[in-house]
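Numbering (my numbering), first residue to last: 434 to 552. Below is one structure, written out as structure tokens, with a few remarks after it.
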């Protein structure tokens with residue numbers, strides 16, 4: 434998989450995505466992408482399909498453990514259909530969802546119930 438991310442304007446863009454394994458992707462999610470609204474991490478599989486994890490809102494300052502917060506939009510863009518499949522997930526779910534992406538690719542059929550939204 435290739436990875437790209439945005440942390441308050443820092444990180445490689447999708448056209449500069451770099452090859453990583455699951456361990457490296459997990460480290461980037463935990464160490465490089467802060468829980469701030471608008472920050473995200475994206476993975477591109479070998480079929481050029483993308484899955485993104487986007488902070489819809491930031492982690493409140495008074496929260497010590499944020500794994501339970503359902504503030505991350507898991508988004509699987511479908512450019513050929515002019516929309517995306519997605520759903521809100523908890524921060525702590527992202528690791529398992531990335532594992533699924535590494536195993537099966539960014540195939541929307543592998544991520545449970547999703548809602549399709551047109552652009």
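Cβ coordinates follow ideal geometry from the N, Cα and C atoms, glycine included.
Option in the options with minimal Cα separation from residue i
i	options	result
residue 491	482, 485, 504	504
residue 551	483, 440, 459, 508	508
residue 450	547, 541, 523, 482	482
residue 453	477, 522, 530, 443	477
residue 475	538, 542, 546, 547	538
residue 501	522, 442, 536	522
Whole-angstrom distance between residue j and residue i, CA atom to CA atom
i	j	result
residue 462	residue 479	20 Å
residue 511	residue 464	28 Å
residue 493	residue 469	9 Å
residue 525	residue 532	12 Å
residue 513	residue 549	13 Å
residue 519	residue 455	21 Å
residue 499	residue 472	15 Å
residue 437	residue 528	16 Å
residue 540	residue 534	8 Å
residue 460	residue 506	19 Å
In DSSP terms, what residue i is bridged to
i	result
residue 522	505
residue 549	518
residue 428	No answer is possible for residue 428: it lies beyond the span of the chain, which begins at 434 and ends at 552.
Simplified DSSP state of residue i, which is helix, strand or coil
i	result
residue 448	helix
residue 493	coil
residue 527	helix
residue 454	coil
Exposure label - residue i; buried when at least 16 CB within 10 Å
i	result
residue 439	buried
residue 485	buried
residue 544	buried
residue 458	buried
Contact with chain C by residue i, beta-carbon distance below 8 Å
i	result
residue 514	Although the question refers to chain C, the structure presented lacks it and comprises just one protein chain.
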